[in-house]
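Protein chains in written order, with my numbering: chain X, 98 to 797; chain F, 98 to 797. Every residue, glycine too, gets a C-beta built ideally from N, C-alpha and C. Treat the numbers as computed from the prediction; the structure is a model and nothing was measured.
So this is what it looks like as structure tokens:
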């Protein structure tokens, strides 16, 4: 506990009052006192209960007023009706932190919600750190503090855990108990009326006894703050999180559970990604990764070498390796020479290095020494199956010896249970992650390498744009004044120009005669597009005609697109049409959008135009404001990027032109949170540049 | 062992000779005898060794000639040089089955391969069942037979396991030893010189003591036979398999390991799917599913009800549910009424049913009874976290009691380790699968429901086509006679017509004058396409002009497509051009292909035309011959199917027309294995029908 001074009264209190302490072992107020004593808390403990007497050898204080000193931390385990009153008393007694175990607040409906708001307000006004309510409590193994109502205390370790679900905390404590899995801090956030995930993350980031932070979240309260804090923490240490409620079904379950709003999955995924948080989808991965990160250095490259005494598991490791995007290292010639010399003739010296079924510990040792020195190997995975001649404990020892002198990360997979048990325990005790199967080991290595890349990414470049914000403001104000939800096309184009987006010249016209005159001024070829406040997507109703070369074609086009649109949408009022200069004819079409996410703010997306990209989910996302790198990544992340890079003989298009548009839109989304949604669809892009031929802006 | 009579001498031998039996406990020949005795084999055992004497109390026979009777099974554990000679002697002694533990054959190179071929040939000629070589042996717990060199014997159970990797066998036996996981049969296939996976699968399918078959394969020898046998077996019981070597890296590792050719992943995936085999990607899932399938009935619908004492895990279960495509059941009003009555006010009666942290075993019992009777619930998942008031063993008992009277499948997830240990053991002992986390439980339920759908699928309809096979044969023969690798366009079109594929009228022309004359005969509009034996994809070189309406346009098109193609591919010889009637103008474009897979035969694929489908992997596959259902599924399986069904205001196209083309191509691929590859690209399809406007046929 050094620099996380802010949470000191909560995490390392000098004294603790337990409000609602009880002599009855079945009560939470008793469990709290018992846990504090059992874990060996060294500060002062004040059980508080009007009945007085003694609990587990401690004298009971009969009321908060009677406390002999001002406790740093008070823990409340009272019926919910008494909580707010008690908080007032504690505030008067100048308590600095309160942890509320009591439940029955926000999660139970309107009354509970209002009560909780009052508690939060009180804590804020009195500057009291508030954990919960509806929390299981907290643990700090550095100072022997177990202020939970859980049944088990974890061992000391370097992993910090925080969770929005209390029940999950108890499951994890029970699990850790049997798995030699140690924690530095353990925090049950409960309803987060006071301390949020961002506060806790920041404190754990500063905690020198914490090497890895893992967390379970159902909702994020202040997305922007969370992102900012998380980004700083992940510079220093890995943060691995599971976000529950990422599907429709899960989100429904979330809101019925905590009353919290689940935001768009895409937004939270983008947030985690941009903050360098490692997101996992299931609890097993959370702990697999936590162990790996806490015990081994990060692989500095993607090249994995697999050493195995059996072919099958080696193949499974190779499959897993390619599936997650790691490479099997190609060992240096020197390494191959050593292996050829040292290994029996039927062994495979290529990676996976199969030292075959009769491999002794000595053969493992020789192979591992060669691999440890191999310049093309960034990480090592050692597989062992309990063959008749396997020397299991001796092999474990060989790994342990090598790990001591090797700077590269080392992982083990000893397959089986009974015979390999001792070997596995030796490895775990020595800090070598040991898995039952090759696949989770490979997934852990990949996550660690990704984190290495994150920590060594180029310094983010903030981009500031020339823009006419005053003009933009006038456009928005005007639209709001008349209660428009969608900006008229003309105004949208003006907005685009205020943000220096490349737009075609265009004229709004009400008759085909006007259209012909407009086209003459713009110069052929032109495009003709219907305009209607009721039709969002012109393409869907056939309301677009392209590449018109002459007046008679233009008149024909007018007739056909307006009748087609009117037939498809008889309810829609057609204001007129737009005549536009044509964009480059051999351009590819892409789409840029943003929406305002309630938790994380503006979410920018990029994809190719057309329904296929959407249907196949080939869309990439980032939260605004975008850095230059974000803009570069969002373009290159779509799976179909080869189509823009010139696959199949097509000319490559200017990705920079797209990046510029993304950055402008990021600026617009940040400048005007009142723009609920923007869609630039399509943007024509070729080798020379880009052209936004259509855009829609919706205001809230 | 009833109807798997074919393998009886191997699986249930009356007497066994151990060739290479040894008194030295470090030798495999000793381990074999020791394992046979330990497992309690009831038949006659004849250890054979020229040294004579006694091994573990059994008299040693000094040579094969001296055997007192003809043993059903002989096990060979000798150096590889002696194996073939020994097999000759055993054949003379009329042994009916041989299991070869010895290694050093196909997996070691050319000499070993030839030796193995000779052994296989001998076994075939003498009608001897041959397991291995390079096998760990086999186990049949029904008759106390452990003929392996493994260190552990498994408990009796209803799961049969076969594996191409021997080392994996030892790992699994060691693992099962600690996990109360029982096996009926256990077979290490080794190099599969004699018995193949298809033979073993058939035998296990007939075995009445086996409820579930699980397997690990690196290669399939005779794909067609495997498919045929597997399809019969999966009608009766679930087959769950892991196929290793499914990535490039894995495939390279496979071929260096066993010397076997890894086929296209798409082909083996299609084969597993068409045979109703459940394919998993990692070992953990293999055993998770095996346990679920062996212990619970199949869910008859996709509706899962989750009962939990904590919100967080409930949300994770809901997320997992939607991710795999299951539904959270909507309980009937009657169920809701019962729950409202019985549960405390803060409980959530909707699914996941959250009976909250202080739930007693009695509350679980009440809830489970209501859910068991709920008509909209097909499967039940019960989550428990060890909260302070959780009654863990009593809750386990409540589940067990309910499972006895409830016909629906029930799964448990007791989270934690220490405190929930006894409860979990109770559940496992009672045949209720119990997982550590919600996600694997949900995945198991999904796999079981998918298998239910497989077993209840409509009866497959075989389709036979009118076709002019004689004409097709003449075309192929002519092309082969002159050594052509790709059929000239004209011949390809003739083939198409022989298979009654819908093709446009077309003329091959050598000059633009000829083109104009041809277009006049066909009638405008026409398409013009270059023809060159050197250019596979005309589109890539700009060699296609569409929708030509007049002679002057045609001449212009001729000039531009030929010069464009010549500029892009100066090396290519242009034979001429094709003039074609235009297809429907508002059609969508799709692609049908087939290739001959070395292991599984013709592999048919379907996708939308254009590079996006390929890049995003939105292609579906089936092996020929296709049934009518296969053809229907392959079309509907692509993710972008809504585009063909009329998403976004487009007209739906005729899927039946595509199915007809798929079925014709399946017939062609089956009729002519010498056609290595076929590509119909694009096929124009609209509401009325389809038109194959281009096709390429490559012959081998």
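Within a Cβ cutoff of 6 Å, which residues of the same chain sit near residue i, ignoring the five residues on either side of it in sequence?
i	result
residue 541 of chain F	385, 386, 389
residue 775 of chain X	691, 794
residue 435 of chain F	467
residue 293 of chain X	318
residue 536 of chain X	417
residue 111 of chain F	140, 169
residue 117 of chain F	126, 174, 175
Please confirm if residue i has its CB atom under 9 Å from at least one CB of chain F.
i	result
residue 621 of chain X	no
residue 297 of chain X	no
residue 119 of chain X	no
residue 475 of chain X	no
residue 358 of chain X	Confidence at residue 358 of chain X is low in this model, with a pLDDT of 48, below 50, so the placement of that residue should be treated as unreliable; the coordinate-derived value is given next. False, the Cβ-Cβ gap to chain F never drops below 9 Å.
residue 272 of chain X	yes
residue 284 of chain X	no
residue 793 of chain X	no
residue 472 of chain X	no
residue 246 of chain X	yes
If you compare alpha carbons, which of the options is closest to residue i?
i	options	result
residue 180 of chain X	X:163, X:142, X:157, X:209	X:209
residue 726 of chain X	X:760, X:697, X:497	X:760
residue 657 of chain X	X:625, X:669, X:545	X:625
residue 648 of chain F	F:617, F:633, F:667, F:675	F:617
residue 369 of chain F	F:724, F:720, F:771	F:720
residue 124 of chain X	X:597, X:362, X:247	X:247
residue 638 of chain X	X:646, X:665, X:545	X:665
residue 366 of chain X	X:419, X:151, X:340	X:340
residue 323 of chain F	F:428, F:343, F:300	F:300
residue 240 of chain F	F:304, F:530, F:573	F:304
residue 274 of chain F	X:138, X:205, X:398, X:483	X:483
residue 640 of chain X	X:552, X:651, X:655	X:655
Report, in whole angstroms, the separation of the C-beta atoms of residue i and residue j, which I expect to be a contact under 8 Å.
i	j	result
residue 186 of chain X	residue 161 of chain X	4 Å
residue 320 of chain X	residue 605 of chain X	The Cβ separation is near 39 Å, so there is no contact.
residue 621 of chain F	residue 646 of chain F	5 Å
residue 395 of chain F	residue 549 of chain F	4 Å
residue 513 of chain X	residue 271 of chain F	3 Å
residue 687 of chain X	residue 603 of chain X	About 20 Å; that fails the 8 Å criterion.
residue 311 of chain F	residue 256 of chain F	6 Å
residue 469 of chain F	residue 448 of chain F	With 8 Å as the limit, residue 469 of chain F and residue 448 of chain F do not qualify as a contact, their Cβ atoms being about 14 Å apart.
Which same chain residues end up closer than 8 Å to residue i when comparing Cβ atoms and leaving out the 5 residues on each side of it in sequence?
i	result
residue 701 of chain X	689, 690, 691, 718, 719, 720, 721, 723, 731, 759, 762, 763, 766
residue 788 of chain X	599, 600, 601, 680, 681, 684, 780, 781, 782
Using a Cβ-Cβ cut-off of 7 Å (strictly less than) and excluding sequence neighbours within five positions of residue i, which residues of its own chain qualify?
i	result
residue 374 of chain F	327, 331, 336, 338
residue 585 of chain X	none
So, is the C-beta of residue i closer than 9 Å to a C-beta in chain X?
i	result
residue 443 of chain F	yes
residue 535 of chain F	yes
residue 424 of chain F	yes
residue 520 of chain F	no
residue 263 of chain F	yes
residue 288 of chain F	no
residue 542 of chain F	no
Taking a Cβ distance cut-off of 9 Å, strictly less, list which residues of the region 293-327 of chain X are near chain F, in chain order.
-> Using a CB distance below 9 Å, the part of the region 293-327 of chain X facing chain F consists of 313, 315, ordered along the chain.
Interfacial residues, the region 488-519 of chain X to chain F, with Cβ spacing under 9 Å | 511, 512, 513, 514, 515, 516, 517, 518
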